[in-house]
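Novice: Before I ask anything, let me first share the structure, which is written out below as structure tokens.
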Amino acid sequence: MIRLVLAYLGENRLTSALNVILLAIPVAMLVLLLQFARQSEERFLAGAEGIDLVVGAKGSPLQLVLSSVYHLDRPTGNIPLAELERLRSNPLVASAIPLALGDQFDGFRIVGTEAALLELYDAHLARGRPYARPFEAVIGAEVARTTGARIGQRFVGSHGLAAGDEGEGHEATPFEVVGILAPTGKPVDRLILTSVESVWDVHGIEHHDEEAGEGGHEDEHAHDEAKEGLHEGEAEITAILLSYRNPSAAVRLPSYINRGTNLQAASPARESTRLILLFEPAIRAVGAFALLLAIAGALAIFISLWSTMRSRQPDLALLRVMGASRGAIFRTVLLEGVMTAGLAALAGIALAHAMLWAASRAWQGVSDAGIVAGRIGAGEGVLFLATLAVGTLAALLPAWGVTRSHLAPILQRN
């Protein structure tokens, strides 16, 4: 039976190919939506794990979280270093990790921070050692893969937070790669980590080896556009990642910071949920469009099978005469619809992952968001079965029509 169906499909290659394409396109769109929604949510949840609160300059709380937790936006500004020690002395705070942003190398952000950030992301060195001296850096797995940087290699950072920022380079103060992190699937994979003293030294900031050991600056070019950046001589940091000491801190600490200080406190969990909800209407709209295309593909299979079955009536009638039962003929036609749908489902899934692979290499924003190809999930399996069901439904009426045909008139005409 399968050989017969394959022969039928091969006989009408063009029609079969068009049917597969018509159904593969909506399948690919739905796979892209599934991958985007699932991987984005996973990346957001993983990236914010262990971070209860982000503290930074006043502005958009979503922007603060995106820039400091996921490193996908520009910071809202800088805050005095003294705020770090003030929060560390607060009994509601279990830990406070400073961040200093503003420079980048080859599109990857240089982040001044503490070793505690690696513990926060559960990141471990694959090669090399932690940074210990000024201008030493540990790079994430994605940085190493994309740039080809190796242990001992020197690089020059430049102003800006993305590859498109044409900032001034710091040729006089190159960094040296002393460690490479193992992949984590978290934002740290795309970061270049160093001490905040190094960040200060790049810009000539007086820090006198403060007890915190960390500080920050901001992109001077971004400062012209969005009032970001360090003022020379001031010890500032960009943001602070906090974890609560007890559950009551979740109620008391954000309110205290937002109302009683010049700082802003934002919850990564809350802002991540807001961001997902912002995308939800667009995802639903594209999903509805993809379903319409799937219906069009099913209709194409139905019309094709209905038309083809009429032309095959003599062959099928001959099979009946030779002993084939109505059930066998019914299953043959049904199998043709199922196989067409199956090929379309496989082609659509392959097309979607090929598009993800190409997009992750063409646009850094895609890889920054954690969207990668090749991660087949349960959603694709459900979609594959649903596509087979569509093919089955499209073939039911033509299959039923063939089995209801009377043999004598067909054989007399042919």
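According to UniProt numbering, the sequence shown is numbered sequentially starting from 1.
Where is the CB? At the ideal position from N, CA and C, for every residue including glycine.
1) With distances taken between CB atoms, is the gap from glutamine 63 to isoleucine 371 smaller than 7 Å?
2) Excluding sequence positions up to five away, which residues of its chain have a Cβ less than 7 Å from the Cβ of alanine 48?
3) Go to alanine 26, then tell me how far its alpha helix (DSSP H) extends in each direction, as first and last residue.
4) Taking buried to mean at least 16 other C-beta atoms within 10 Å of its own C-beta, is methionine 124 buried or exposed?
5) Just the Cα atoms here: how many angstroms apart are phenylalanine 155 and isoleucine 110?
6) Assign leucine 14 to buried or exposed, taking buried as 16 or more other Cβ atoms, counted over all protein chains shown, within 10 Å of its Cβ.
7) Assign leucine 101 to buried or exposed, taking buried as 16 or more other Cβ atoms, counted over all protein chains shown, within 10 Å of its Cβ.
8) Quick check on isoleucine 283: does DSSP put it in helix, strand or coil?
9) What residue range is occupied by the uninterrupted beta strand (DSSP E) comprising valine 196?
10) Look up glutamine 153 in the DSSP assignment and give the residues it is bridged to.
11) For glycine 348, does the three-state DSSP call read helix, strand or coil?
12) Under a three-way DSSP split, which group does aspartate 103 fall into?
13) State whether the stretch 258–266 contacts the stretch 31–45, with contact taken as three or more CB pairs (one from each stretch) at a distance under 8 Å.
14) Mind checking which residues open and close the alpha helix (DSSP H) that includes glycine 50?
15) Taking the beta strand (DSSP E) that arginine 109 falls in, what are its first and last residues?
16) What are the start and end residues of the beta strand (DSSP E) that includes arginine 127?
17) Report the partner residues of proline 98 according to the DSSP bridge assignment.
18) Assign threonine 403 to one of three DSSP states: helix, strand, or coil.
19) When you compare only the Cα positions, how much space is there between residue 416 and isoleucine 295?
20) Can you name, in chain order, every residue of its own chain whose Cβ lies under 7 Å from the Cβ of proline 183, other than the five neighbours on each side?
21) Across the stretch 127–144 and the stretch 45–59, are there enough close Cβ pairs to call them in contact, namely three or more that are closer than 8 Å?
22) Take alanine 389 and list the residues in its own chain whose beta-carbon comes closer than 7 Å to its own, dropping the five residues that flank it on each side.
23) Excluding five sequence neighbours on each side, which residues of the same chain lie with their C-beta closer than 6 Å to the C-beta of lysine 227?
24) In whole angstroms, give me the CA-to-CA distance for alanine 399 and glutamate 41.
25) Since alanine 266 is in the beta strand (DSSP E), which residue starts that stretch and which ends it?
26) Based on DSSP bridge pairs, tell me the residues matched to glutamate 176.
Specialist: Judging by the given coordinates:
1) As a working note, residue 63 is residue 63 in the sequence shown. As a working note, residue 371 is residue 371 in the sequence shown. Inclusion of glutamine 63 and isoleucine 371 in the CB contact set at 7 Å is not warranted, their separation being larger than that value.
2) Within the sequence shown, numbered from 1, the residue matching residue 48 stands at position 48. The answer, listed in chain order, is Val69, Pro268, Ala269 and Ser272.
3) Against the sequence shown, residue 26 aligns to sequence position 26. The residue asked about is misnamed: residue 26 is proline in this sequence, not alanine. Boundaries of the alpha helix (DSSP H) harbouring proline 26: 13–47, taken from the DSSP string.
4) The residue given as residue 124 occupies position 124 in the sequence shown. The question names methionine, but residue 124 is histidine in the sequence shown. Its Cβ having fewer than 16 others within 10 Å, histidine 124 is exposed.
5) For the purposes of this step, residue 155 is taken as residue 155 along the sequence shown, with counting starting at 1. For the purposes of this step, residue 110 is taken as residue 110 along the sequence shown, with counting starting at 1. Straight-line Cα distance between these residues: approximately 11 Å.
6) Position 14 of the sequence shown holds residue 14. With fewer than 16 other beta carbons inside 10 angstroms of its own, leucine 14 counts as exposed.
7) By one-based count along the sequence shown, residue 101 stands at place 101. The residue in question, leucine 101, is buried, as its Cβ has 16 or more Cβ neighbours within 10 Å.
8) For the purposes of this step, residue 283 is taken as the residue at position 283 of the sequence shown. In the structure shown, isoleucine 283 sits in a helix (DSSP, three-state: H, G or I).
9) Indexing the sequence shown from 1 puts residue 196 at position 196. It is not in any beta strand (DSSP E) - valine 196 instead sits in the alpha helix (DSSP H) that spans 196–202.
10) As a working mapping, residue 153 is identified with position 153 in the sequence shown. Looking at the DSSP assignment, glutamine 153 forms no beta bridge with any residue, so it has no partner.
11) Taking the first residue of the sequence shown as position 1, residue 348 is located at position 348. Reduced to three states, the DSSP call for glycine 348 is helix.
12) The residue you call residue 103 lines up with position 103 of the sequence shown. Here aspartate 103 sits in strand by DSSP.
13) The answer is no - the stretch 31–45 does not touch the stretch 258–266, with fewer than three Cβ pairs under 8 Å.
14) Your numbering for residue 50 matches position 50 in the sequence shown. In the DSSP assignment, glycine 50 falls outside any alpha helix (DSSP H) and carries neither an H nor an E.
15) As a working mapping, residue 109 is identified with position 109 in the sequence shown. 108–113 is the span of the beta strand (DSSP E), which, as asked, contains arginine 109.
16) Locating residue 127 in the sequence shown gives position 127, counting from the first residue. DSSP places arginine 127 inside the beta strand (DSSP E), whose first and last residues are 125–128.
17) Along the sequence shown, read from residue 1 onward, the residue named residue 98 stands at position 98. Paired residues: Ile240.
18) For the purposes of this step, residue 403 is identified with residue 403 of the sequence shown, where counting begins at 1. Correct three-state label for threonine 403: helix.
19) This structure leaves residue 416 out entirely; the chain is present only between 1 and 414.
20) As a position in the sequence shown, residue 183 is number 183, starting the count at 1. Closer than 7 Å at the Cβ level, and outside the excluded window around proline 183, lie Ala141 and Asp189.
21) Touching, no, given that fewer than three Cβ pairs across the two stretches are closer than 8 Å.
22) Position 389 of the sequence shown, counted from the start, is the residue given in the question as residue 389. Residues of the same chain with a CB within less than 7 Å of the CB of alanine 389, apart from the 5 flanking positions on each side, do not exist.
23) Counted from its first residue, the sequence shown places residue 227 at position 227. Note on lysine 227: pLDDT 36, under 50, position unreliable in the model; the coordinate value appears next. Answer for lysine 227: no residue qualifies.
24) As a working mapping, residue 399 is identified with position 399 in the sequence shown. As a working mapping, residue 41 is identified with position 41 in the sequence shown. Approximately 43 Å, taken between the alpha carbons.
25) The sequence position of residue 266 within the sequence shown is 266, counting from 1. For alanine 266, the enclosing beta strand (DSSP E) stretches over residues 263–266.
26) The count along the sequence shown starts at 1 and reaches residue 176 at position 176. Beta-bridge analysis with DSSP links glutamate 176 to Glu136 and Arg154.
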